[in-house]
Structure formats: C-alpha cells, structure tokens
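A.B. asks: Please see the structure below; I have some questions.
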C-alpha cells in the first residue's frame with residue numbers, strides 16, 4: 001500500500017468510526033446546544049484527533065527513523081544503514097537512501113585515496129627538495145664557515161663559530177622536517193624501526209616519557225598499511241603534545257588474529273567527546289583507505305586512547 005492510500009485509510013477508519021457512533025449512539029444535538037451535548041461532542045472530537053495522531057505516527061514511523069539517520073550519518077563511519085521492512089513507498093525510500101549511502105561511501109573512499117596519495121607524493125617531493133637543495137646548501141655553508149674560522153683572527157673566529165653552530169642547528173631542524181615529511185627509515189627498515197625513531201625524536205623534543213610495547217610476532221604488512229600506521233602514530237603523538245598536556249605516552253603495536261592494532265595512550269586531560277578536527281578526520285580517512293577502523297576514547301585511568309585496527313592483508317591502493 002502506498003503512503004497516500006495508507007494515510008487515506010487511517011483517516012477513513014477514524015472518520016468511519018466517528019460516523020458510526022453518531023448513527024447508533026443515543027446522542028442528539030439541540031438548538032441551542034446544551035452543555036452536556038457540547039461536552040460529548042468536544043470529547044468525541046478529542047478522541048478522533050488522538051486516534052488519528054496515533055495511527056499517523058505509527059504509519060510514518062519509518063520516515064522518522066530515516067530522518068534521524070540522515071541527520072547523524074557520517075561517511076567516515078561506514079556501514080550505517082536503516083533496516084527495511086514491509087512494503088510500499090516508505091521501504092522503497094529507505095532502500096534508495098541506503099543505496100545512496102553506499103555509493104557516497106565508495107565515492108568518498110575513492111576521492112580520499114586520491115587526495116591522500118597526492119598528499120604523500122607532495123610530501124615526498126618537498127622532502128627531496130629540502131634534502132637535495134636546502135640541506136646541501138647549508139652543508140656547503142658550514143664547510144665555508146669552518147674554513148673561514150680556521151683562517152680568521154681569534155676575535156672573529158669566535159663569532160664565526162657562533163654562526164657555524166646556528167647553521168648546524170638549522171640543518172638539524174631541516175633534517176628533522178625531512179624525516180617527518182617522508183620517513184626514509186620506514187622504507188628502509190620497516191614499521192617498528194620507523195615508529196621507534198619517531199618516538200625517540202618525539203621524546204627528545206617534547207621532554208615527554210614515551211613507552212614502547214611491540215609484539216615480537218608482527219607480520220609483514222603492505223607498504224600502504226605501514227604508512228597509515230606510521231601517520232596515525234605521528235598525528236596521535238602530535239595531539240598529545242599540543243592539546244593533552246600529557247607527561248607520559250605509551251605506543252603499542254599488537255598482532256591480534258589477522259589484524260595489527262596500534263594504540264597510542266597518553267595521561268593528559270582526556271576527552272569527554274572527541275572533537276572532529278582536521279587531524280582526527282584525516283586519521284579516519286587514512287584508516288578507511290586500508291580497510292581499518294579508528295577508535296578515539298578516554299583512557300582507562302586518565303587521558304586519551306587512539307586505537308587503529310588494520311587488516312594484515314590488503315590490496316594495494
């Protein structure tokens with residue numbers, strides 16, 4: 001039955017019941033109307049309205065569920081679907097909406113994959129230019145300063161040493177930026193070594209205590225999976241340093257069945273409800289690219305826990 005005929009039938013049922021009561025009930029209407037008769041008519045009208053409202057609410061309940069889902073759906077949390085039951089127009093609308101959600105999720109995953117791959121390519125290009133151009137130029141400057149300092153008088157030599165030290169610190173900073181843009185150790189030595197290097201560098205620059213817990217039986221992962229795990233760990237550590245006011249961070253890698261689980265837990269201020277900023281949404285998009293899931297929850301005692309669950313085997317993007 002279509003939605004039109006369903007509503008028509010509900011209203012016809014209410015009006016038919018009211019007409020039957022008027023025909024067979026011993027009720028008359030005087031002119032002018034008596035108070036008791038007015039009370040009976042108003043009461044009957046109220047009953048008709050309540051019955052009509054209840055029946056309409058029952059008939060339109062699937063549309064109300066659809067409206068609630070439409071206001072809360074998030075393409076970064078795939079799999080949200082409305083159950084389809086019955087026949088008529090409303091279930092067909094729900095089926096169409098579910099199909100639209102599936103199509104949007106696929107299109108979002110495809111576009112996100114292209115954007116993130118382009119982002120990684122740009123990171124690689126910038127890192128290469130910093131290493132080849134800026135890094136080599138600053139190295140040449142350091143060598144020139146050293147030669148000048150060796151030949152300069154003592155008073156000028158001290159100033160040249162100070163400039164040399166500033167240049168060396170700047171070169172170290174450029175190299176650190178290059179490692180953050182494109183971790184060469186990830187390509188050369190793998191995920192465990194890359195995250196170890198990341199946490200050591202993080203602890204050095206933030207003065208935070210970092211604990212690492214890695215399973216010894218971690219399986220071999222696809223390059224895309226390793227890169228996503230590394231980027232999520234990097235973003236989680238950055239958030240812990242910038243927003244959580246944490247003192248301790250634990251980074252864990254576990255092998256559970258056919259999945260690898262990355263957990264980054266801090267002892268900071270914690271969260272009541274995670275605000276979906278650009279960093280968190282970026283982590284969710286990366287997780288979707290490898291068929292994984294990301295959970296951001298309060299830590300058991302205090303702070304925040306970021307957990308990424310990724311499948312061991314995954315087709316390349």
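Residue numbers (full-length UniProt numbering): 1 to 317.
Positions of the beta carbon are idealized from the N, C-alpha and C atoms, including for glycine.
#1: Between which residues of its own chain and residue 293 is the CB-CB distance below 7 Å, once the five residues before and five after are set aside?
#2: Below 8 Å on the Cβ atoms is my guess for residue 208 versus residue 247; work out the distance and round it to an integer in Å.
#3: What residue range is occupied by the uninterrupted beta strand (DSSP E) comprising residue 254?
#4: Identify the residues that DSSP records as bridge partners of residue 68: which are they?
#5: CA-CA distance, residue 108 and residue 119?
#6: Which ranges does the beta strand (DSSP E) cover as unbroken runs of at least 3 residues, wholly within the stretch 159-219, from first to last along the chain?
#7: Which residue comes first and which comes last in the alpha helix (DSSP H) that contains residue 145?
#8: Comparing alpha-carbon positions, which option in 296, 136 and 113 lies nearest residue 228?
#9: Between the alpha carbons of residue 188 and residue 182, how many angstroms are there, rounded?
#10: With DSSP collapsed to three states, give me the class of residue 311.
#11: Would you kindly work out how many angstroms separate the C-alpha atoms of residue 202 and residue 167, rounded to a whole number?
#12: Using C-beta distances below 8 Å, list every residue in its chain close to residue 124, excluding the 5 sequence neighbours before and after it, in chain order.
#13: Can you tell me the Cα-Cα spacing of residue 63 and residue 222, whole angstroms?
#14: Using DSSP bridges, identify the partner residues of residue 82.
#15: Counting C-beta neighbours from all protein chains within 10 Å, is the total for residue 71 16 or more, i.e. buried, or is it exposed?
#16: For a quick check, are the C-beta atoms of residue 304 and residue 266 less than 8 Å apart?
#17: Drop a sphere of 10 angstroms on the beta-carbon of residue 240, count the other beta-carbons inside from all chains shown, and report buried for 16 or more, exposed for fewer.
#18: Put residue 245 into one of helix, strand or coil per three-state DSSP.
#19: Quick test of the definition: if touching needs 3 or more C-beta pairs under 8 Å, does the stretch 169-177 touch the stretch 128-146?
#20: Under three-state DSSP, which class holds residue 296?
#21: How many Å lie between residue 237 and residue 80 at the Cα?
C.D. replies: Taking the geometry as given:
#1: 287 and 309
#2: 6 Å
#3: Counting along the chain, the beta strand (DSSP E) containing residue 254 begins and ends at 248-256.
#4: Answer is none; residue 68 lacks a bridge partner.
#5: 16 Å
#6: The stretch 159-219 contains these whole beta strand (DSSP E) runs: 209-214.
#7: 136-151
#8: 113
#9: 12 Å
#10: strand
#11: 22 Å
#12: 181 and 182
#13: 44 Å
#14: DSSP output for residue 82 lists no bridge partner at all.
#15: If you draw a 10 Å sphere on the C-beta of residue 71, you find fewer than 16 other C-beta atoms in it, and that means exposed.
#16: Taking 8 Å as the cut-off, the Cβ atoms of residue 304 and residue 266 count as close.
#17: Around the C-beta of residue 240, 16 or more other C-beta atoms lie within 10 Å, and the residue is accordingly described as buried.
#18: It is coil, neither helix nor strand.
#19: yes
#20: strand
#21: So the two alpha carbons sit approximately 30 Å from each other.
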